[in-house]
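In the UniProt record's numbering, the protein residues as written are 1 to 462.
Inspection log for the structure reproduced underneath, given as structure tokens.
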Amino acid sequence: IHLIGSFFFAFFVLPRHSKNRPRLFPPTALSCVFSSDLHSNTSPAMEIDSPLPNGNSLAAAVPLPLNPASTVASPAPPSNLAQLAESLKLEHQFARVPFEHYKKTIRANHRAAEKEISSVVSGVSEAAASDLSKDDAVQHLTSLVSKLQGLKRKLEEGGRTEHLQEQRCRARLDHLESADAENMVDWSNTRLKRILVDYMLRMCYNDTATKLAETSNIQDLVDIDVFQEAKRVVDALHKKEVAPALAWCAENKSRLRKSKSKFEFQLRLQEFIELVRADNHMGAISYARKYLSPWGATHMKELQRVMATLAFRSGTVCAAYKVLFEPEQWDYLVDQFKQEFSKLYGMTVEPLLNIYLQTGLSALKTPYCYDDECPKEDPLSQESFRKLALPLPYSKQHHSKLVCYITKQLMDTENPPQVLPNGYVYSTKALEEMAKKNNGKVTCPRTGLVCNYSDVVKAYIS
1 IHLIGSFFFA
11 FFVLPRHSKN
21 RPRLFPPTAL
31 SCVFSSDLHS
41 NTSPAMEIDS
51 PLPNGNSLAA
61 AVPLPLNPAS
71 TVASPAPPSN
81 LAQLAESLKL
91 EHQFARVPFE
101 HYKKTIRANH
111 RAAEKEISSV
121 VSGVSEAAAS
131 DLSKDDAVQH
141 LTSLVSKLQG
151 LKRKLEEGGR
161 TEHLQEQRCR
171 ARLDHLESAD
181 AENMVDWSNT
191 RLKRILVDYM
201 LRMCYNDTAT
211 KLAETSNIQD
221 LVDIDVFQEA
231 KRVVDALHKK
241 EVAPALAWCA
251 ENKSRLRKSK
261 SKFEFQLRLQ
271 EFIELVRADN
281 HMGAISYARK
291 YLSPWGATHM
301 KELQRVMATL
311 AFRSGTVCAA
321 YKVLFEPEQW
331 DYLVDQFKQE
341 FSKLYGMTVE
351 PLLNIYLQTG
361 LSALKTPYCY
371 DDECPKEDPL
381 SQESFRKLAL
391 PLPYSKQHHS
401 KLVCYITKQL
411 MDTENPPQVL
421 PNGYVYSTKA
431 LEEMAKKNNG
441 KVTCPRTGLV
451 CNYSDVVKAY
461 IS
């Protein structure tokens with residue numbers, strides 16, 4: 001198979017005397033290896049004074065918050081300043097994205113000005129070297145003046161854009177400087193809205209994200225215009241159009257080359273595949289000569305494989321080449337673009353919301369969370385959170401932490417857990433208060449069981 005690909009690439013694409021023109025390539029075997037990691041951990045234990053009638057049904061709700069910065073059951077951090085310092089460490093993307101966009105705008109304006117000025121200078125030199133009549137000279141100079149006026153308008157527009165982006169950078173720095181222990185709640189609320197806008201933009205809910213940013217007055221603190229640029233490329237790729245993506249690659253060619261990106265090469269390969277799919281073989285060969293041959297020195301194996309599709313066609317049943325014609329290849333290009341786009345602007349590939357949620361879920365995940373009897377108060381009882389926490393390790397907790405279902409307070413030595421005859425666990429304070437109001441009777445809020453307070457059993461957390 002690879003021999004066929006080598007033949008097509010060598011004799012139809014590479015120039016006859018190219019130093020990259022191969023001789024013969026031996027066939028190679030392809031293999032895919034799939035591996036999975038199994039994680040195991042032990043469930044937290046709890047000792048009780050005496051065995052329960054249905055000890056296997058012992059359950060305690062553990063509704064710990066996802067965000068460690070805003071806990072309900074756990075005590076407050078020793079220092080708000082330490083908490084603030086940890087929060088600011090996560091704001092790298094917040095400060096870098098507008099700065100990268102600002103630099104990109106400056107470079108684009110500089111290139112446009114250089115191009116227009118070079119054109120005008122060249123026109124003046126040509127006019128000076130040629131023997132023009134008075135009318136022709138006036139007409140030529142008038143056209144040059146029009147070019148300069150157009151350049152002036154572009155520079156003024158570019159200057160306004162640069163000024164707006166400069167203001168955005170300043171607004172973000174001011175926002176970071178305004179964070180202190182006194183206004184931590186307001187600052188955290190603003191950060192939460194920024195994270196939600198970031199998630200909506202990444203999921204292509206641009207209109208909703210814009211509305212939230214406007215109503216919260218945080219337009220300068222979010223990257224709507226940056227993601228709109230990405231959305232145009234993503235929408236085009238979903239429509240199986242590569243022109244906007246190729247234009248984006250040309251616009252950022254130098255930076256993509258520095259990062260050794262293969263995205264443009266993948267786009268060219270997909271265009272070649274589409275020509276083969278349409279049975280336009282001569283057009284595919286011409287396209288390969290023009291756009292794929294420059295990549296031969298660094299991506300020969302991929303080129304050999306793709307060139308072999310000229311022999312196998314789009315209806316092939318050979319798995320190694322059938323996959324190249326699958327519609328999922330366009331989804332792969334979308335994922336590749338998102339990765340390159342994020343790398344270019346210094347953004348995380350995953351949405352910030354997922355990262356923050358996973359940070360909290362990593363402290364909550366235990367084997368019991370995936371049990372059918374997992375209480376609904378546990379965030380990991382929801383399937384969406386379970387999927388998000390699937391790649392995370394189990395929480396390394398040496399001691400169990402129980403939160404009372406009634407009071408939502410942490411159960412500890414001062415407020416120990418009590419076990420009802422049906423196996424459900426509640427805090428001592430909650431059951432004592434209930435017993436005082438009901439003549440020594442306590443009622444399980446989840447099952448409706450009524451018993452005497454003297455029937456409950458004290459439990460010990462280990």
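Just so you know, even glycine gets a beta-carbon here, dropped at the ideal spot from N, CA and C.
In its chain, beyond the 5 residues on either side, H140 have a beta carbon closer than 6 Å to the beta carbon of A127. Contact annotation: the segment 322-339 does not touch the segment 288-304, with fewer than three C-beta pairs closer than 8 Å. The alpha-carbon separation between N109 and K408 amounts to approximately 58 Å. Put simply, the segment 185-200 touches the segment 219-227. At least three CB pairs are less than 8 Å apart. For Q304, the closest of I273, G283 and K260 by C-alpha to C-alpha distance is I273. In this structure, the beta-carbon distance from V242 to L333 falls below 9 Å.
Assignment of T309 by DSSP, reduced to helix, strand and coil, places it in the helix class. Taking the CA atoms as reference points, A179 sits about 6 Å from W187. Around the beta carbon of Y356, 16 or more other beta carbons sit within 10 angstroms, so the residue counts as buried. Between L269 and E340, the CB-CB gap reaches or exceeds 9 Å.
At the C-beta level, L388 and Q93 stay beyond 9 Å of one another.
The residue among L275, H101 and L392 with its C-alpha nearest the C-alpha of C169 is H101. Between A95 and L173, the CB-CB gap stays under 9 Å. Proximity of the segment 447-458 to the segment 422-433 meets the contact definition, three or more beta-carbon pairs being nearer than 8 Å.
Bounds of the beta strand (DSSP E) holding T443 are K441 to T443. Distance from the CA atom of S462 to the CA atom of L431, rounded to whole angstroms, is 21 Å. CA-to-CA, the gap between R153 and K103 works out to about 20 Å.
Secondary structure at S259: coil, using DSSP grouped into helix, strand and coil. The beta carbon of S395 sits closer than 7 Å to those of S362, A363, L364, K365 and T366, all from its chain and outside the five residues before and after it, given in chain order. Taking 9 Å as the cut-off, the beta carbon of L410 is found closer than this to the beta carbon of K401.
When the Cα atoms are used, H163 and L90 turn out to be separated by approximately 27 Å. Distance check between P244 and each of E251, K253, V233 and A250 places V233 closest, using alpha-carbon atoms only. DSSP places A459 inside the beta strand (DSSP E), whose first and last residues are V457 to I461. Taken through DSSP and simplified to helix, strand or coil, Y426 comes out as strand. Within a 10 Å sphere around the beta-carbon of Q418 sit 16 or more other beta-carbons, which makes this residue buried.
In this structure, A113 keeps its C-beta atom at 9 Å or more from the C-beta atom of L176. Judged by DSSP secondary structure, Q219 falls outside any beta strand (DSSP E); it is assigned neither H nor E.
A residue is called buried when at least 16 other Cβ atoms come within 10 angstroms of its Cβ; Q266 meets this threshold and is buried.
9 Å or more divides the Cβ of G150 from the Cβ of T105. In this structure, V97 lies away from V276, with their beta-carbon atoms at least 9 Å apart. In the structure shown, Q266 adopts helical secondary structure according to DSSP, grouped into three states. Listed as beta-bridge partners of V403 by DSSP are L410. The C-beta distance from K239 to N206 rounds to 17 Å, too long to fall under 8 Å, and the pair is not in contact.
A straight line joining the alpha-carbon of M200 with that of N354 spans about 12 Å.
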